[in-house]
Amino acid sequence: MRIRDANKEAQIREKAIELIVNHGFDGLSMHKLAKAAGVSVATIYIYFKDREDLIQQVYTDESRKMTEATLLNFDPDAHFDEGLKRQWINRMTYCLENPYSMTFMEQVKHSPLVERSTVDTRFLQAMQRFVHNAIDRREIVPLPVEIYWSIAFAPLYQLVKFHIAGKSMPGRPPFVFDEEKINLTLGLVLKALKP
């Protein structure tokens with residue numbers, strides 16, 4: 001049996017993310033991945049059972065990293081305004097530092113390739129407690145989770161995408177998500193969620 005090499009495994013994972021982001025799921029074959037990662041096809045199978053196992057493991061690992069970044073200095077018992085601002089800063093920082101990971105996770109999350117059981121319970125528990133506390137303290141209105149998430153985070157992610165792309169709507173100058181725009185957008189989001 002061949003010995004596992006952490007550097008090779010990291011390279012395989014990184015190149016798998018890049019291939020999926022740049023070429024979609026159909027662009028990820030073990031042969032293309034081996035070439036991109038500078039390893040043999042057989043080397044990939046030391047770490048992953050098959051293509052689906054690779055995607056599942058990479059998604060689980062990237063989700064764990066994002067969960068850790070998202071929960072950094074986050075207090076689920078904080079006032080809603082303060083907690084949501086911390087969430088925005090953490091999520092924005094992670095996405096700007098890991099744009100391929102952000103795009104990869106979006107692609108995989110909306111595909112049938114990943115089991116929902118891989119969601120980190122620490123994240124779910126912290127966010128549920130945060131939102132339920134805010135509702136109990138009448139800091140926000142009770143909403144179905146999908147509506148809450150769409151109001152609370154979709155504007156952030158869309159503006160991060162504009163920033164990463166370096167462009168805005170057609171005919172507009174490049175978009176830069178600076179502190180002024182963050183505060184403006186967050187203020188509108190908070191206003192929309194208040195009772």
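Mind the numbering: the sequence shown is residues 1 to 195 in full-length UniProt numbering, read in order. Idealized CB from N, CA, C, for every residue including glycine.
So which of the options has the shortest CA-CA distance to residue i?
i, options, result
"residue 127", "77, 147, 192, 16", "77"
"residue 162", "109, 79, 181, 145", "181"
"residue 18", "148, 136, 108", "108"
"residue 201", "66, 104, 100, 133", "The structure shown has nothing for residue 201, since the chain only spans 1 to 195."
"residue 125", "86, 82, 75", "75"
"residue 44", "61, 8, 168", "8"
"residue 193", "30, 104, 153", "153"
"residue 146", "159, 160, 131", "131"
"residue 87", "166, 103, 186", "186"
"residue 156", "96, 123, 51", "96"
"residue 190", "151, 164, 92", "151"
"residue 99", "165, 177, 6", "165"
"residue 4", "16, 42, 20, 33", "42"
"residue 135", "20, 47, 62, 80", "80"
"residue 105", "183, 60, 47, 184", "60"
"residue 101", "178, 31, 64", "64"
Could you check where the alpha helix (DSSP H) with residue i kicks off and where it finishes?
i, result
"residue 78", "Unbroken run through residue 78: none, as it is neither H nor E."
"residue 99", "99-109"
Can you find at least 3 beta carbon pairs, one from the segment 16-30 and one from the segment 63-70, that sit closer than 8 Å? The segment 16-30 makes no contact with the segment 63-70, as fewer than three CB pairs between them are under 8 Å.
Counting only runs that start and end within the segment 130-184, where is the alpha helix (DSSP H) found for 4 or more residues in a row? Taken in chain order, the whole alpha helix (DSSP H) runs of length 4 or more contained in the segment 130-184 are 145-152, 154-165.
Which full runs of the alpha helix (DSSP H) of 4+ residues lie inside the UniProt domain "HTH tetR-type" (6-66), going along the chain? Taking only runs of at least 4 residues, the alpha helix (DSSP H) segments lying wholly in the UniProt domain "HTH tetR-type" (6-66) are 6-23, 30-37, 41-47.
Say whether the segment 139-151 touches the segment 164-175, bearing in mind that this needs 3 or more beta-carbon pairs closer than 8 Å, one atom from each stretch. Too few Cβ pairs lie closer than 8 Å, so no.
On the three-pair Cβ rule with 8 Å, is the segment 35-42 touching the segment 3-19? Yes, since at least three Cβ pairs between the segment 35-42 and the segment 3-19 fall closer than 8 Å, the two stretches touch.
Is the segment 50-57 close to the segment 100-114, with three or more CB pairs under 8 Å? With the cut-off at 8 Å, the segment 50-57 and the segment 100-114 touch.
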